[in-house]
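Participant: Okay, so the sequence shown: first residue is 1 according to the UniProt record's numbering, each after it adds one. Just so you know, even glycine gets a beta-carbon here, dropped at the ideal spot from N, CA and C. Handing you a structure now.
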Amino acid sequence: MTQRQTGPYEFADDLPIEGVEPGSNLLVAGPTMGGARDLALRLITAGSDRQEGLVLVTTTKSGGKILSECDKLCRDLQQSTFGVVDCVSKKQGREQTSDRIETVSSPGDLTGIGIEFSGLYQTVHRETTERVRAGLFSLSTLLMYTEFQTVSRFVHTVSGRIGATDGLGVFLIDPSTQDERVVNTITQLCDGRVDVRVRDDGTREMRVRGLADQPREWTPF
């Protein structure tokens with residue numbers, strides 16, 4: 001294992017968000033096609049050149065496709081330690097050939113997702129500097145398959161594990177697809193919330209709530 005790193009989890013210089021303390025969980029809330037997904041991916045791939053690990057749960061795209069998206073955002077993904085829980089390929093009858101990708105039957109199999117996530121997270125945590133960025137894309141899909149109370153307990157468990165191991169968790173949700181009560185409850189399970197919106201002229205903006213020294217007003221990115 002390489003020497004353990006300390007300090008906050010840092011992000012790209014062109015993003016208006018400062019480093020986040022280890023053990024933090026963020027909820028990225030906004031339209032999937034309006035920049036929220038891209039921002040969430042950038043937040044978790046920013047550690048690939050810092051010897052940080054990466055664990056992803058993908059509920060809408062295959063493991064291979066989401067890794068291709070990550071490859072476009074960072075230079076050293078294939079040299080870093082990562083793992084993916086693929087909730088799509090098995091349902092479509094496709095097999096994965098990578099030992100870094102684990103498949104479950106569907107986005108509704110929260111027990112299977114939890115088991116595979118825990119195993120991958122433990123492996124990546126052990127093989128890196130003990131700094132792991134974990135992303136779940138997205139909670140909106142999970143809520144299409146499973147009742148809210150079950151999903152909220154799942155988020156509580158996953159975010160607790162990330163917090164206890166000084167990781168960084170990034171959860172994605174599209175508020176337009178959910179009741180406000182659902183989004184607010186998920187927000188309370190996280191340390192901070194990053195809201196994303198698109199202006200009429202196409203400008204993407206973000207703001208951060210719940211974390212100190214972050215942009216509280218809408219800021220272009």
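What does residue 86 pair with, by DSSP beta-bridge criteria?
Facilitator: For the purposes of this step, residue 86 is taken as residue 86 along the sequence shown, with counting starting at 1. According to DSSP, residue 86 bridges with 58, 103.
Participant: When burial is assigned at 16 or more other CB atoms within 10 Å of the CB, is residue 7 buried or exposed?
Facilitator: Numbered from 1 along the sequence shown, position 7 holds the residue referred to as residue 7. Per the 10 Å Cβ criterion, exposed.
Participant: Apply the 10 Å Cβ neighbour rule to residue 199 and answer buried if 16 or more other Cβ atoms are within range, or exposed otherwise.
Facilitator: Working through the sequence shown from its first residue, we reach residue 199 at position 199. Exposed is the call here.
Participant: Let's see if you can read the secondary structure: which residues bound the alpha helix (DSSP H) around residue 144?
Facilitator: Position 144 of the sequence shown, counting from 1, holds the residue named residue 144. It spans 139 to 145 - the alpha helix (DSSP H) in which residue 144 sits, taken as one unbroken run.
Participant: In the structure shown, what three-state DSSP assignment does residue 20 receive?
Facilitator: One-based indexing of the sequence shown puts residue 20 at position 20. Here residue 20 sits in strand by DSSP.
Participant: Could you spell out the range, first to last residue, of the beta strand (DSSP E) harbouring residue 171?
Facilitator: The residue given as residue 171 occupies position 171 in the sequence shown. Its beta strand (DSSP E) spans residues 168 to 173.
Participant: Assuming contact is defined by CB atoms lying nearer than 8 Å, are residue 124 and residue 113 in contact in what I supplied?
Facilitator: Counted from its first residue, the sequence shown places residue 124 at position 124. Counted from its first residue, the sequence shown places residue 113 at position 113. The answer is no: Cβ separation not under 8 Å.
Participant: Look up residue 160 in the DSSP assignment and say whether it is helix, strand or coil.
Facilitator: Taking the sequence shown and counting its residues from 1, the one referred to as residue 160 is at position 160. Correct three-state label for residue 160: helix.
Participant: By DSSP, does residue 205 sit in helix, in strand, or in coil?
Facilitator: For the purposes of this step, residue 205 is taken as residue 205 along the sequence shown, with counting starting at 1. Of the three classes helix, strand and coil, the one that applies to residue 205 here is strand, per DSSP.
Participant: Does residue 147 pass the burial test, meaning 16 or more other C-beta atoms within 10 Å, or should it be called exposed?
Facilitator: Translated into positions along the sequence shown, residue 147 becomes position 147. Under this definition residue 147 is an exposed residue.
Participant: From this set, 115, 202, 70, 52, which residue's C-alpha is nearest residue 133's C-alpha?
Facilitator: Here residue 133 refers to the residue found at position 133 when the sequence shown is read from its first residue. Taking only the C-alpha atoms, the option nearest residue 133 is 52.
Participant: Do you know how far the Cα of residue 194 is from the Cα of residue 30?
Facilitator: Within the sequence shown, the letter at position 30 stands for residue 30. Within the sequence shown, the letter at position 194 stands for residue 194. Going from the Cα of residue 30 to the Cα of residue 194 covers about 8 Å.
Participant: Between 162, 168, 138, 126, which has its C-alpha nearest residue 86's C-alpha?
Facilitator: By 1-based counting over the sequence shown, the position of residue 86 is 86. Considering only alpha carbons, the answer is 138.
Participant: For the alpha helix (DSSP H) holding residue 38, just list the boundary residues, first then last.
Facilitator: For this step, residue 38 is matched to residue 38 along the sequence shown. It spans 36 to 45 - the alpha helix (DSSP H) in which residue 38 sits, taken as one unbroken run.
Participant: Residue 133 by DSSP, collapsed to three states: which one?
Facilitator: Residue mapping note: residue 133 aligns to position 133 of the sequence shown, counting from 1. Looking at residue 133 - three-state DSSP - the assignment turns out to be strand.
Participant: Under 8 Å: do the stretch 54 to 63 and the stretch 199 to 214 share three or more Cβ pairs, one atom per stretch?
Facilitator: Counting Cβ pairs under 8 Å, fewer than three are found: no touch.
Participant: What residue range does the alpha helix (DSSP H) around residue 216 cover?
Facilitator: The residue labelled residue 216 in the question sits at position 216 within the sequence shown. Run containing residue 216: none; DSSP gives neither H nor E here.
Participant: Please report the distance separating the alpha-carbon of residue 239 from that of residue 176.
Facilitator: The structure shown has nothing for residue 239, since the chain only spans 1 to 221.
Participant: Short check: CB of residue 162 to CB of residue 173, under 8 Å?
Facilitator: Locating residue 162 in the sequence shown gives position 162, where the first residue counts as 1. Locating residue 173 in the sequence shown gives position 173, where the first residue counts as 1. No, these two residues do not count as a Cβ contact at 8 Å.
Participant: Below 8 Å on the Cβ atoms is my contact criterion, and I expect residue 26 with residue 192 to pass it. Report the Cβ-Cβ distance as a whole number of Å.
Facilitator: One-based indexing of the sequence shown puts residue 26 at position 26. One-based indexing of the sequence shown puts residue 192 at position 192. Right, the Cβ-Cβ distance comes to about 5 Å (below 8 Å), so this counts as a contact.
Participant: Out of 219, 213, 218, which has the shortest C-alpha to C-alpha gap to residue 21?
Facilitator: The count along the sequence shown starts at 1 and reaches residue 21 at position 21. It is 213.
Participant: Start and end of the beta strand (DSSP E) containing residue 193?
Facilitator: Here residue 193 refers to the residue found at position 193 of the sequence shown. Residue 193 -> beta strand (DSSP E) spans 192 to 198.
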